[in-house]
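Taking this note's numbering, I'd label the letters of the sequence shown as residues 147 to 284.
For reference, the structure discussed in these notes is given below.
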Amino acid sequence: MAKLHERIANTRKDFHWKVAHQLCEQAKTIFVEDLNLVGLSRGMLGKHCLDAGWGQFFQILEQCCFKRGVYFQKVDSKKTSQICPNCGTETGKKDLSERVHVCGNCGYTTDRDVAAAQVVLNRGCAAVGQTVKMRGFG
Ligand SMILES: [Zn+2]
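Here is the structure:
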């Protein structure tokens with residue numbers, strides 16, 4: 147049993163490195179949400195977050211970025227799913243079943259995960275003193 151667990155852990159690690167390398171090939175700069183994993187694991191997403199090895203993946207991604215000269219930075223994860231990436235308006239809490247971001251202020255509409263990622267990108271860029279043009283996302 148212990149051996150099996152070790153093998154699963156190693157396979158997962160290999161997979162994480164693969165994904166990390168792929169990401170490093172696509173980007174010169176990577177921003178991630180500084181998720182409170184322990185808090186999340188106690189909350190509604192339950193144990194899945196820890197089981198999925200998110201914490202380990204971020205560590206591997208950070209190491210991978212360091213090795214390959216890709217800029218890596220964690221940004222504040224507060225309300226990334228509640229803010230319009232286009233105009234900055236708070237659009238309110240979304241239920242997990244709500245998959246689409248629709249801004250009542252500027253009309254920007256996109257997948258909720260895409261919107262949250264764009265908020266992370268905006269924050270990351272603000273943190274390093276660059277501005278992003280939203281149109282680039284298509
Ligand atoms: Zn908006």
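For every residue, glycine included, the Cβ atom is placed at its ideal position computed from N, Cα and C.
Because the structure is a prediction, the values reported are computed rather than measured.
Could you give the residue range of the alpha helix (DSSP H) that holds residue i?
i	result
residue 154	148-172
residue 229	That residue, residue 229, is in no alpha helix (DSSP H); it is neither H nor E in DSSP.
residue 239	Careful: residue 239 lies outside any alpha helix (DSSP H) and carries neither H nor E.
residue 244	Per DSSP, residue 244 belongs to no alpha helix (DSSP H) and is neither H nor E.
Please state if the CB of residue j and the CB of residue i are separated by a distance shorter than 8 Å.
i	j	result
residue 211	residue 163	no
residue 223	residue 179	yes
residue 258	residue 245	yes
residue 207	residue 181	no
residue 201	residue 158	no
residue 301	residue 252	Because residue 301 is not part of the residues shown, which for the chain are 147 to 284, the question remains open.
Might you give, ordered along the chain, the residues of its own chain that have their beta carbon closer than 7 Å to the beta carbon of residue i, omitting 5 neighbours on each side?
i	result
residue 248	255
residue 204	178
residue 273	219 and 221
residue 214	170
Considering just the uninterrupted stretch of the beta strand (DSSP E) at residue i, what are its terminal residues?
i	result
residue 264	Premise fails: residue 264 lies in the alpha helix (DSSP H), 258-274, not in any beta strand (DSSP E).
residue 179	175-179
residue 217	217-221
Which same chain residues, not among the five before or five after residue i, have their C-beta less than 6 Å away from its C-beta?
i	result
residue 165	none
residue 152	none
residue 261	231 and 247
For residue i, which residues from the same chain have a beta carbon less than 8 Å from its beta carbon, with the 5 sequence-adjacent residues on both sides left out?
i	result
residue 174	216 and 217
residue 160	none
message: So, does the region 214-223 touch the region 239-256, judging by three or more C-beta pairs under 8 Å?
response: Segments in contact, no.
field: Cβ contact (3+ pairs, closer than 8 Å) linking the region 264-275 and the region 225-237
entry: As far as the Cβ criterion goes, the region 264-275 touches the region 225-237, which means the pair count is three or higher.
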